[in-house]
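There are 2 protein chains.
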Amino acid sequence: MINTLYLPELREMLERRDDPALREFCTALHPARTAEFMEGLSAAEAWSVIGHADAALREEIFGYFGHDRQSEIIETQELEGVAQLVADLAPDDRVDVLDDVHPDRVHQLLELLPADERHDILRLRLYPDGSAGAVMTTEIAKLSESLTVTDALTELGRQAEHFETIYYLYVVDATDHLRGVVSTRQLVSAMGRPETRLGELMETDVVAVNPMDDQEDVARQVAKYDLLAIPVVDRERVMVGIITHDDVIDVVREEATEDAHRSAAVAPLDTSYLKTHVLTLGWKRGIWLTILFAAAILTAGALEFYSDQLAKWEWLVWFIPLVISCGGNSGSQSATLVVTALATGDIALSDWGRVLWREILQGLLLGLFLAVIGYVAVSLIQPASSEVFPSNALVVPVTVLLVVVSGTVLGALLPLLFQRLGLDPALMSNPFVAGIIDILGIVVYMSVAQWLMS
Amino acid sequence: MINTLYLPELREMLERRDDPALREFCTALHPARTAEFMEGLSAAEAWSVIGHADAALREEIFGYFGHDRQSEIIETQELEGVAQLVADLAPDDRVDVLDDVHPDRVHQLLELLPADERHDILRLRLYPDGSAGAVMTTEIAKLSESLTVTDALTELGRQAEHFETIYYLYVVDATDHLRGVVSTRQLVSAMGRPETRLGELMETDVVAVNPMDDQEDVARQVAKYDLLAIPVVDRERVMVGIITHDDVIDVVREEATEDAHRSAAVAPLDTSYLKTHVLTLGWKRGIWLTILFAAAILTAGALEFYSDQLAKWEWLVWFIPLVISCGGNSGSQSATLVVTALATGDIALSDWGRVLWREILQGLLLGLFLAVIGYVAVSLIQPASSEVFPSNALVVPVTVLLVVVSGTVLGALLPLLFQRLGLDPALMSNPFVAGIIDILGIVVYMSVAQWLMS
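Read top to bottom, the protein sequences are chains A and B.
Numbered according to the numbering used here, the first sequence terminates at residue 454, and the numbering increases by one at each position without gaps.
Numbered according to the numbering used here, the second sequence terminates at residue 1454, and the numbering increases by one at each position without gaps.
Structure follows, in structure tokens:
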């Protein structure tokens, strides 16, 4: 949804070159709202508007623009101004945006940046998408353990505006090895003892991650320890960056959406639903639908194989969708429960025995209950076909029980197997589990029918 | 997974009443890890161990225990000690734990608490689960706008340990109306101008939420504005609490898991997968499976209705699972895309026209592609039945196209409809969408067959 409240006024101000009014617009609101009110403007218009804010504020408002708008501005607006902006952006955001800018343009921009920033960008761009290195920022408050509380507060006062977070001060040695952490809370509490050294205040049991760690693991650590930021260190424990709480919330949300898409057999989108091109979306859905379709063709083959039996007991056909759907549904439930429990850390691979046992119980419980309902349903529908009771009436209930148990067991074990193989368990999507159980369901159904009726 | 590394040592220390060693154990590590190492102990043992920490640390370690352990300790351990602990806990965590403690015990505890804490607990307990009021904390750094930077820093130094977050100072008037916010970053940056008043420093455009707001909306606001905490105000903008970043991460993770469960037709669990009682889990799955089973019985009715047709063209049966599964799968994809896009705010109800248009396109694109594959598959499987070509060979492809389009359109519109009705769109679970499309699929299939072959 685009907020069009201020669009006419903004366009008029731009036309009249009403600089004071535009400046006022940039400063009056929270930068996120300022960005929101500009959503309807073209990239060029938005760029002119934020040109009226000072560098720090311009960078902040820009940070709240959508990703597409950001890359469009960087790609199309006047090079020198854009280079200035890129230099001001937080290191992690900068790398993120440049990822979607044409390589030639990135090259031109890099040439205009100071050497430090250029190296920083080139280094951060090396980390793969989804790694801790790709979401970390490199502007960190690093202090020496010999500093006193007063020194640290003064240093903080001087530098506060340059750092993405000042709520943890990381204490490092001369070669940047992480030695400890002091929270601003501790520092402020210690103001009464101004000569205390950071080395005495700091906590030395610091939770840290590696730049190549999966961003999902990072989010889990931050959530577990209730952190505002987590330091990123290399193998020698040299500090290379931090990941802050706001990036962690974004990671958690992004991963949740990706998992939801995977569980419905959609390859994760790179951008929002409405912005994904129809053909891209078609591709991300089509590959999975095609795989599932291919699996479903096997069901046709299986039913053809049993065609004599189906011709003999015509009423068997009526219950095909019923028996396969209850296997698919119970399988999807189990798969989702196991995938989410793995993601939140509620279960680990080593719990497979307990999971299996629980799912067998669930399968028996749910299967028996549905079998009873199935028996009633068959009794109501089947008599019309005047077959012989009672063994025939048991075909559907017995199949339902077996299929539901297979569903819960397979649904639980397949994600665990994927995890064991080092694959993402969420790839074992619900339709995929359901597809496997469809075929199994048909084989079980026909075998049970054969066994009970002949 | 339970970490058993220190269990024998801990038990030995308890037996020997080795107080210094136990004190050392409590203080040596991050409280989250201390809690982790105690997972294998009984509630009584864990309670004895943390008895060796001072009140602040005990409260912190306790905060990292699992929810079940927390309520077990409160329910079973010595009343006075527990009351002391409850008084020390953060207001939001306290209410959360007491929710699962027997009402009689809660009553006994409340009698032992100071009047302030008692009223606070009673008030917070009134907010429904999932509301902002239920996750907020009431220990907030509230300051007057006439304070200077120096006053504020001194005040902060005195109180830092009592507040859940000190990174935002909320500026209120004499009757607690929220006037503005000063970040500790701003305060620290302004240390060079110690006489500046908070009224001059503060931002007045403060994003706030209402205690009855949905926790999911709160998380969205915090993520959007990259906040560390968000104030909770009543209708008169009197400040009643704040919600901090760590609670927001928990909310986001909790909601993601709940949505995943709903999308697989499992009613959200109150606790973790392994801790949910088999019967509770069976109930949360069974109600939905039963509803879906009832819907599936309709498919049996539908097929019985078409039994003459199925007897005449026997090969039609073979493709029943195929045509209904491709509708269900494309429907699940659309439903999940729409539900996640609604949750992240990428689309709003007002976008329904664009969504519908995109899904019709997706349906045509994917449907045509699968229809072509379907044509090839039918040609390979069907000839064995020696029916007349070519119109017969078109039955499956035409059905696939129609069913996939119905799937994408219904899958997209049903969650939007639920949203419009004020219900949670995630209730429109994938199996539910698939179930509806199963029946529709059979009707479409049989109608297409009737039309093309007679």
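Backbone N, C-alpha and C define an ideal beta-carbon position, used for all residues, glycine too.
Query raised in the report: Roughly how many whole angstroms lie between the Cα atoms of A/V443 and A/S332?
Result: In the first sequence, counting from the first residue as 1, residue 443 of chain A sits at position 443. In the first sequence, counting from the first residue as 1, residue 332 of chain A sits at position 332. Whole-angstrom Cα-Cα distance: 19 Å.
Query raised in the report: Is B/V1388 helix, strand or coil by DSSP?
Result: Numbered from 1 along the second sequence, position 388 holds the residue referred to as residue 1388 of chain B. Only weak support is given to the placement of B/V1388: the predicted model assigns it a pLDDT of 48, under 50, and the value that follows is read from those uncertain coordinates. Coil, per DSSP.
Query raised in the report: If we ignore side chains and look at the alpha-carbon of each, how far apart do A/D176 and A/E195 end up?
Result: Here residue 176 of chain A corresponds to residue number 176 of the first sequence, with the count starting at 1. Here residue 195 of chain A corresponds to residue number 195 of the first sequence, with the count starting at 1. When rounded, the distance between both Cα atoms is 23 Å.
Query raised in the report: For B/K1275, which three-state DSSP category applies?
Result: Looking up residue 1275 of chain B in the second sequence gives position 275. It is coil, neither helix nor strand.
Requested in this report: Check each candidate in B/E1258, B/F1305, B/T1138 and name the one with the smallest Cα separation from B/K1284.
Outcome: Against the second sequence, residue 1284 of chain B aligns to sequence position 284. For B/K1284, the nearest C-alpha among the options comes from B/E1258.
**Report entry** Local Cβ density within 10 Å of B/P1103, reported as buried at 16 or more and exposed below that
**Finding:** Numbered from its first residue, the second sequence carries residue 1103 of chain B at position 103. Classification for B/P1103: exposed.
Requested in this report: Give a yes or no on whether 8 Å exceeds the smallest Cβ distance from A/P431 to chain B.
Outcome: For the purposes of this step, residue 431 of chain A is identified with residue 431 of the first sequence, where counting begins at 1. It does: the Cβ of A/P431 has a partner Cβ on chain B nearer than 8 Å.
**Report entry** Simplified DSSP assignment, three categories, for B/G1063
**Finding:** Translated into positions along the second sequence, residue 1063 of chain B becomes position 63. Three-state result, B/G1063: helix.
Query - Reduced DSSP secondary structure (H/G/I, E/B, other) of B/H1107 - result: Numbered from its first residue, the second sequence carries residue 1107 of chain B at position 107. B/H1107: helix per DSSP, three-state reduction.
Query - Three or more C-beta pairs below 8 Å linking the stretch 1396-1403 of chain B and the stretch 1360-1373 of chain B - result: yes
Query raised in the report: Can at least three beta-carbon pairs, one atom from the stretch 342-359 of chain A and one from the stretch 1322-1337 of chain B, be found at a separation below 8 Å?
Result: no
**Report entry** Length of the line joining the Cα atoms of B/G1241 and B/R1016
**Finding:** Sequence index remark: in the second sequence, residue 1241 of chain B carries index 241 (1-based). Sequence index remark: in the second sequence, residue 1016 of chain B carries index 16 (1-based). Distance between the alpha carbons of B/G1241 and B/R1016 is about 45 Å.
Requested in this report: Answer with buried or exposed for B/R1253, where buried requires no fewer than 16 other C-beta atoms within 10 angstroms of its C-beta.
Outcome: The residue labelled residue 1253 of chain B in the question sits at position 253 within the second sequence. B/R1253 is buried by the Cβ-count criterion.
Report task. Report the rounded CA-to-CA distance for A/L124 versus A/G133, giving the unit in angstroms. Result -> Working through the first sequence from its first residue, we reach residue 124 of chain A at position 124. Working through the first sequence from its first residue, we reach residue 133 of chain A at position 133. Cα to Cα, A/L124 sits roughly 7 Å from A/G133.
Query - At least three beta-carbon pairs within less than 8 Å, the stretch 1296-1312 of chain B to the stretch 309-329 of chain A - result: yes
Report task. Compute the Euclidean distance between the alpha carbons of A/L198 and A/T154, then round it to the nearest angstrom. Result -> On the first sequence, position 198 is the one that residue 198 of chain A refers to. On the first sequence, position 154 is the one that residue 154 of chain A refers to. Roughly 13 Å separates the two Cα atoms.
Query raised in the report: Within 8 Å (strictly less), CB to CB, does A/Y6 reach chain B?
Result: Position 6 of the first sequence, counted from the start, is the residue given in the question as residue 6 of chain A. For A/Y6, the answer is no, since every Cβ of chain B falls outside 8 Å of its Cβ.
Query raised in the report: With DSSP run on the structure shown, which of helix, strand or coil describes A/H30?
Result: Within the first sequence, residue 30 of chain A is the residue found at index 30, counting from 1. Three-state result, A/H30: coil.
**Report entry** Coil, strand or helix - A/H52 by DSSP
**Finding:** Within the first sequence, the letter at position 52 stands for residue 52 of chain A. Looking at A/H52 - three-state DSSP - the assignment turns out to be coil, as it is neither helix nor strand.
Query raised in the report: Taking Cβ positions only, does B/N1329 come closer than 8 Å to chain A?
Result: As a working note, residue 1329 of chain B is residue 329 in the second sequence. Judged by the 8 Å Cβ criterion, B/N1329 is in contact with chain A.
Query raised in the report: Applying a beta-carbon distance threshold of less than 7 Å, which residues of chain A neighbour B/Q1333?
Result: Along the second sequence, read from residue 1 onward, the residue named residue 1333 of chain B stands at position 333. A264, A265, V266, R285, listed in chain order.
Query raised in the report: Which chain A residues sit within Cβ distance under 8 Å of B/I1166?
Result: As a first step, residue 1166 of chain B is located in the second sequence; it is residue number 166 there, counting from the start. T184, R185, V188, listed in chain order.
Report task. Determine the extent of the alpha helix (DSSP H) in which A/V448 is found, giving its start and end residues. Result -> Position 448 of the first sequence, counted from the start, is the residue given in the question as residue 448 of chain A. Looking at the DSSP string, the run of the alpha helix (DSSP H) that includes A/V448 is 430-453.
Requested in this report: Check the Cβ of B/C1326 against every Cβ in chain A and list those closer than 8 Å, keeping chain order.
Outcome: Locating residue 1326 of chain B in the second sequence gives position 326, counting from the first residue. Simply L289, L292, F293, A296.
Query raised in the report: For B/E1117 and chain A, any beta-carbon pair shorter than 8 Å?
Result: The residue labelled residue 1117 of chain B in the question sits at position 117 within the second sequence. No, its Cβ sits nowhere closer than 8 Å to a Cβ of chain A.
Requested in this report: Could you run through the stretch 20-46 of chain A and flag, in chain order, every residue whose CB is less than 8 Å away from some CB of chain B?
Outcome: A28, L29, H30, A32, R33
Query raised in the report: Got a sec: is the Cβ-Cβ distance from A/T336 to anything in chain B below 8 Å?
Result: In the first sequence, residue 336 of chain A corresponds to position 336, counting from 1. Yes, contact with chain B.
Query raised in the report: Does any residue of chain B bring its CB to less than 8 Å from the CB of A/E78?
Result: As a working note, residue 78 of chain A is residue 78 in the first sequence. It does not: the Cβ of A/E78 has no partner Cβ on chain B nearer than 8 Å.
Report task. Would you please verify whether the beta carbon of B/D1092 is less than 8 Å from any beta carbon of chain A? Result -> By one-based count along the second sequence, residue 1092 of chain B stands at place 92. Output row for B/D1092: interface = no.
Query - Against chain B: residues of the stretch 337-350 of chain A by CB proximity under 9 Å - result: L337, V338, V339, T340, A341, A343, T344, G345, D346, I347, A348, S350
Query raised in the report: Taking just the CA atoms, how far does B/G1040 sit from B/L1079?
Result: Position 79 of the second sequence, counted from the first residue, corresponds to residue 1079 of chain B. Position 40 of the second sequence, counted from the first residue, corresponds to residue 1040 of chain B. Each residue's Cα considered, the two are about 23 Å apart.
Report task. Say whether chain B places a C-beta atom closer than 8 Å to the C-beta of A/G282. Result -> Counting from one through the first sequence, the residue named residue 282 of chain A turns up at place 282. Closer than 8 Å to some Cβ of chain B, the Cβ of A/G282 qualifies, so yes.
Query raised in the report: Within the present structure, is the beta-carbon of B/L1394 separated from the nearest heavy atom of the ligand GTP by less than 7 Å?
Result: No copy of the ligand GTP appears in this structure; indeed no ligand is present at all.
Query raised in the report: How many angstroms separate the CA atom of A/V49 from the CA atom of A/L22?
Result: The residue you call residue 49 of chain A lines up with position 49 of the first sequence. The residue you call residue 22 of chain A lines up with position 22 of the first sequence. C-alpha separation (whole angstroms): 6 Å.
Query - Through-space distance from A/M136 to A/Y539, alpha-carbon basis - result: Only positions 1 to 454 of chain A appear in the structure, and residue 539 of chain A is not among them; the question remains open.
Query raised in the report: Can the beta-carbon of A/Y273 be found less than 8 Å from the beta-carbon of A/M446?
Result: Within the first sequence, the letter at position 273 stands for residue 273 of chain A. Within the first sequence, the letter at position 446 stands for residue 446 of chain A. No, Cβ-Cβ distance for A/Y273 and A/M446 is not below 8 Å.
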